[in-house]
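Scroll down for the structure; my scribbles are underneath it.
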Amino acid sequence: MRVLSVASECVPLVKTGGLADVAGALPGALAPQGVAMRTLIPGYPAVMAALKRAGARAVLAEADLFGGPGRVLAARAGGLDLLVLEAPHLFDREGSIYLGPDGRDWPDNAERFAALCWVAARIAGEGLDDGWRPDLLHCHDWQAGFAPTYLRARYPGAGVGTVITIHNVAFQGLVPAGKLSALRLPPGGMTPDGFEFWGQISALKAAIVDADRITTVSPTYAGELLRPEFGMGMEGILRRRQADLVGILNGVDLDAWSPPYRTPAGKSRFRKRLIAEMGLGGDAPGPLCVVVSRLTGQKGIDVLVDALPRLLDEGGQLALLGSGDPALEARLRELAARHAGVAVRIGYDEALARLMIEGGDAILVPSRFEPCGLTQLYGLRYGTIPVVGYTGGLVDTVIPATPAGLRAGVATGIQVHPVSADALSRAFDQLVRLYRSPDIWRAMQRNAMRHPVGWDRSAAEYAALYRAIAPDAG
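Under this note's numbering, the sequence shown has 142 at position 120, and the numbering climbs by one with no breaks.
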């Protein structure tokens with residue numbers, strides 16, 4: 023089976039979040055399932071630099087791609103079979119892939135990602151110059167959301183299946199209604215049953231309406247999306263398409279995330295390195311907790327700040343790496359200045375993030391909502407006990423240390439419900455008690471390290487879904 027994956031970012035070439043990890047991991051995970059996946063991404067400067075080294079070849083040309091010419095280049099790079107949309111007028115610019123130097127969305131983001139979708143639909147409808155044509159389009163998030171709509175409108179008899187994966191329903195690709203014609207969208211879609219969303223156009227809703235199947239990144243999040251408190255306005259259309267909605271857990275690349283130790287005892291030298299790197303004291307009697315996160319309310323960082331005194335009173339420590347809400351950054355800096363047991367780094371450092379997961383005793387993910395989450399999976403892999411909010415993929419991946427879970431010897435972490443300062447304070451009390459019971463703590467660490475977090479099961483679920491949509495594919 024041939025599948026074209028369409029994404030706005032993909033490791034190892036370009037990444038701002040977990041979407042890139044998933045887009046980069048799926049092709050390798052699906053290969054043993056008989057799925058040959060090529061990945062279509064935009065030609066940002068970093069991507070084009072990698073392609074030059076890889077010896078790319080042109081396989082499709084577009085004379086007028088939303089303001090200028092474009093072409094699709096094919097190459098093997100970063101372990102992936104890549105198709106890259108080279109359109110300098112849309113993607114060759116400084117700044118982040120979504121934001122300009124002023125920190126605001128690029129004003130032409132709608133056109134930029136509509137171009138990606140337009141080309142994806144053409145590849146599905148006509149094939150590439152080298153003869154390759156997919157059996158199915160797998161689109162990721164709103165940036166790929168118009169692809170099923172374009173495919174349905176331009177190539178109604180193409181016979182190519184479509185899947186949209188919602189990585190986070192909060193990002194909906196909203197576009198002013200006045201851009202309908204400029205984006206080459208079918209006018210008939212501008213209705214409440216189409217891609218119209220409260221007077222605007224939503225690229226995500228377009229995909230929810232037009233894709234053959236809808237997936238999201240955990241079973242619990244799939245259920246949450248049907249409720250107003252999580253659906254963010256999309257719950258109505260998702261309820262109408264509930265029979266076509268499925269939650270498939272994300273996994274992690276086990277080769278990229280391979281602990282440098284085989285037992286929990288091996289963590290000790292990395293714990294010492296982390297303490298030294300962050301300037302913490304090495305004789306604290308409580309657990310060393312780590313946070314690697316965007317600093318936002320969604321991630322529960324405000325709740326963490328309010329509950330942190332309980333952890334510190336019990337002899338625990340906190341090492342935090344992240345950036346986000348300036349007010350939360352300021353509160354965290356203030357805590358670090360007042361408490362020797364708190365160390366904060368604002369920003370992101372891949373090597374430090376990995377050291378935190380290697381050396382931490384517990385990883386804190388007190389999210390208010392979390393479609394899947396990856397940091398708790400990294401924590402499990404490394405025996406760094408997750409303390410997580412009771413939501414989304416955090417529910418599906420962490421077995422709580424309830425009395426029953428501990429008696430059965432299966433517990434891998436602690437769940438916080440509801441996500442509040444009081445509940446997190448109680449979770450810290452439990453964490454400290456477990457940490458001070460070495461036999462129980464080591465057993466939980468071993469459970470965590472044995473917990474399956476790879477892609478095998480999820481890849482099989484995706485392959486089965488693909489074949490249900492396109493049963494005649496090879």
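By construction, the Cβ of each residue, glycine as well, lies at the ideal position given by its N, Cα and C atoms.
Collapsing the DSSP output to three states places Met59 in a strand. In the DSSP assignment, Arg24 falls outside any alpha helix (DSSP H) and lies within the beta strand (DSSP E) extending over Arg24 to Val28. Membership of Thr171 in the alpha helix (DSSP H) is indicated by the continuous run Phe168 to Arg176. Non-local C-beta neighbours of Gly40 in its own chain, meaning closer than 6 Å and more than five positions away in sequence, comprise Leu396, ordered along the chain.
Boundaries of the beta strand (DSSP E) harbouring Ala80: Arg79 to Glu84, taken from the DSSP string.
Between Ala83 and Thr61 the beta-carbon gap is near 20 Å, outside 8 Å, which marks them as no contact.
The beta carbon of Asp275 sits closer than 6 Å to the beta carbons of Ala47 from its chain, once the five residues preceding and following it are set aside; these are given in chain order. Rounded to whole angstroms, Leu247 and Ser240 show a C-alpha spacing of 11 Å.
In this structure Leu205 is not in contact with Ala85, their Cβ atoms being roughly 18 Å apart against a cut-off of 8 Å.
In this structure, the alpha-carbon of Gly181 lies about 22 Å from that of Val94. Within the DSSP secondary-structure output, Gln339 pairs in a beta bridge with Leu310. The alpha-carbon of Gly117 is positioned some 15 Å away from that of Met70. Exclusion of the five residues before and after Ser224 leaves Gln194, Gly195, Leu196 and Phe217 as the residues of its chain whose Cβ lies within less than 7 Å of its Cβ. Looking at Thr38, Gly65 and Pro34, the one whose alpha-carbon comes closest to that of Gly50 is Pro34. Pairing Leu399 with Thr413 gives a Cβ-Cβ distance that is not under 8 Å. In this structure, Gln320 is the residue among Arg332, Asp232, Arg360 and Gln320 with its C-alpha nearest to the C-alpha of Gly346.
Nearest neighbour of Pro91 by Cα position, chosen from Val454, Ala78 and Phe113, turns out to be Phe113. Remark: fewer than three beta-carbon pairs, one from each stretch, lie closer than 8 Å, so the region 432-444 and the region 355-373 are not flagged as touching. Judged by DSSP in its simplified three-state form, Gln320 adopts coil rather than helix or strand.
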